[in-house]
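Enquirer: In the numbering used here, the protein residues as written are 245 to 659. Could you have a look at this structure, given as structure tokens, before my questions?
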């Protein structure tokens with residue numbers, strides 16, 4: 245069988261397997277990654293129902309929306325979701341956020357309102373694996389389009405805990421698509437990933453490159469893309485844009501929102517900033533024997549605000565496309581791990597001690613985009629460079645040394 249037949253069969257088998265997994269099993273914590281279980285134990289995660297905005301946020305924030313339509317962001321309290329919320333509001337859309345807050349913080353949504361002056365008055369505390377709660381949201385609210393960001397996203401963790409990734413990412417997306425179809429909301433921008441390309445034969449990578457995932461995280465993204473493609477082929481009312489992100493870094497220039505991982509960061513930039521500020525001792529570089537200029541992995545790092553603006557362009561495009569379309573969102577330039585360490589040292593004025601460790605399972609040597617298609621069809625391209633990425637990430641870290649959590653909250657959690 246060819247590669248396409250192999251993945252089609254694998255998709256069918258996986259869909260049959262995961263669709264039999266019960267929501268109750270997930271609710272009992274069987275498929276929750278180890279990194280989230282501490283939060284679970286102190287009652288951080290609430291999975292049922294939705295939380296009125298005014299219960300959590302100051303009443304003096306100005307409640308007003310845009311005029312373009314209502315966009316629901318799943319995982320909207322997270323890193324990508326909050327930056328998308330800012331750019332969507334600034335573009336005139338009314339934003340609604342759905343999140344289970346397992347790996348994010350409600351304060352991030354308040355900060356979005358502070359940046360834009362347009363508070364988000366519909367915040368749903370719902371896990372996308374809970375179909376009943378999800379249906380309630382769609383039946384009681386007018387949703388014109390969805391940006392689907394919710395899901396687990398660490399390559400290394402996915403290798404260690406693949407079931408958690410299939411349960412959260414694939415089953416969650418399956419639930420979402422079922423509910424959207426049943427309620428007549430059939431426009432979606434999906435947060436996919438460049439990991440679907442695996443180890444490419446050459447770079448830069450165009451959207452028609454063969455897909456050969458090398459880790460469970462990438463496979464969940466691939467399977468969801470395939471599912472959305474099949475749905476769009478079967479029902480012409482569906483309009484789907486799959487955005488293949490490369491490596492988002494940086495933060496909003498205000499320093500009010502940024503990447504705030506729970507526990508030890510899995511991604512390079514938040515780890516580097518925590519080393520620079522002294523919260524972590526040193527960075528471990530996973531491998532220096534790759535066939536790259538300095539031996540370390542090369543990636544296409546893209547400023548999160550450029551990425552967020554790409555989402556606005558994609559939502560704008562949703563209303564005029566037919567079926568399903570794929571776009572790469574990247575800069576078209578590759579930078580090594582050590583390039584980024586050097587850039588952060590220059591931006592922060594701080595040393596970033598590091599040691600060389602073994603290669604990490606699932607990583608590839610080099611990966612960067614050809615984003616020509618997005619430039620031509622979405623009229624979008626990345627504008628910000630590595631200097632701005634590091635400056636904004638450092639500003640976020642300095643202004644928020646504990647992320648969105650205050651010292652008092654951290655002290656209370658330790659008791």
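Positions of the beta carbon are idealized from the N, C-alpha and C atoms, including for glycine.
Does the region 450-460 come close enough to the region 388-397 to have 3 or more Cβ pairs within less than 8 Å?
Expert: No: the two stretches stay apart, fewer than three of their Cβ pairs being nearer than 8 Å.
Enquirer: Consult DSSP for residue 376 and reduce its assignment to one of helix, strand or coil.
Expert: If DSSP states are grouped into helix, strand and coil, residue 376 belongs with the helices.
Enquirer: Can you list, in chain order, the residues of its chain with a C-beta nearer than 6 Å to that of residue 502? Leave out the 5 residues immediately preceding and following it.
Expert: 495 and 640.
Enquirer: Nearest by alpha-carbon distance to residue 339: which of 438, 358, 355 and 387 is it?
Expert: If we check each option's Cα against that of residue 339, 387 comes out closest.
Enquirer: State yes or no: is the C-beta of residue 364 within less than 7 Å of the C-beta of residue 341?
Expert: Yes. Within cutoff.
Enquirer: Based on Cα-Cα distance, which residue from 422, 407, 634 and 515 lies nearest to residue 597?
Expert: Selected option, being the one with the closest Cα: 515.
Enquirer: Return the chain-ordered list of same chain residues with a C-beta closer than 6 Å to the C-beta of residue 278, the five sequence neighbours on each side being excluded.
Expert: Note that residue 278 has pLDDT 47, beneath the 50 cutoff, so the model's placement of it is unreliable and the number below is only indicative. Here the set comprises nothing.
Enquirer: Answer with buried or exposed for residue 533, where buried requires no fewer than 16 other C-beta atoms within 10 angstroms of its C-beta.
Expert: Per the 10 Å Cβ criterion, exposed.
Enquirer: Assuming the contact rule is C-beta atoms closer than 8 Å, residue 552 and residue 622 should be a hit. Round their C-beta distance to whole Å, please.
Expert: Between residue 622 and residue 552 the Cβ distance is about 13 Å, and since that is not below 8 Å, they are no contact.
Enquirer: According to DSSP, simplified to helix, strand and coil, what is residue 515?
Expert: In the structure shown, residue 515 sits in a helix (DSSP, three-state: H, G or I).
Enquirer: Kindly indicate which residue of 417, 425, 412 and 568 has the alpha-carbon position closest to the one of residue 487.
Expert: For residue 487, the nearest C-alpha among the options comes from 568.
Enquirer: Relative to the C-alpha of residue 470, which residue among 505, 418 and 425 is closest?
Expert: When only C-alpha atoms are compared, the closest one is 418.
Enquirer: Quick one: grab the DSSP three-state call for residue 477.
Expert: Residue state, collapsed to three classes: helix.
Enquirer: Using a threshold of 7 Å, state whether the C-beta atoms of residue 548 and residue 509 are closer than that.
Expert: For residue 548 and residue 509, no; Cβs fall outside 7 Å.
Enquirer: Return the CA-CA distance between residue 383 and residue 545, expressed in angstroms with no decimal places.
Expert: Going from the Cα of residue 383 to the Cα of residue 545 covers about 39 Å.
Enquirer: Using the Cα positions of residue 438 and residue 405, report the straight-line distance between them to the nearest angstrom.
Expert: One C-alpha to the other measures close to 20 Å.
Enquirer: Might you give, ordered along the chain, the residues of its own chain that have their beta carbon closer than 7 Å to the beta carbon of residue 624, omitting 5 neighbours on each side?
Expert: Answer for residue 624: 553, 554, 557 and 618, listed in chain order.
Enquirer: Kindly indicate which residue of 615, 500, 609 and 542 has the alpha-carbon position closest to the one of residue 748.
Expert: Because the chain spans 245 through 659 in this model, residue 748 falls outside it and cannot be assessed.
Enquirer: With 16 as the cutoff for other CB atoms within 10 Å, does residue 603 come out buried or exposed?
Expert: Classification for residue 603: exposed.
Enquirer: According to DSSP, is residue 646 part of a helix, a strand, or is it coil?
Expert: DSSP places residue 646 in coil when its eight states are reduced to three.
Enquirer: From the DSSP output, read off the bridge partner residues of residue 486.
Expert: Partner(s): 434 and 570.
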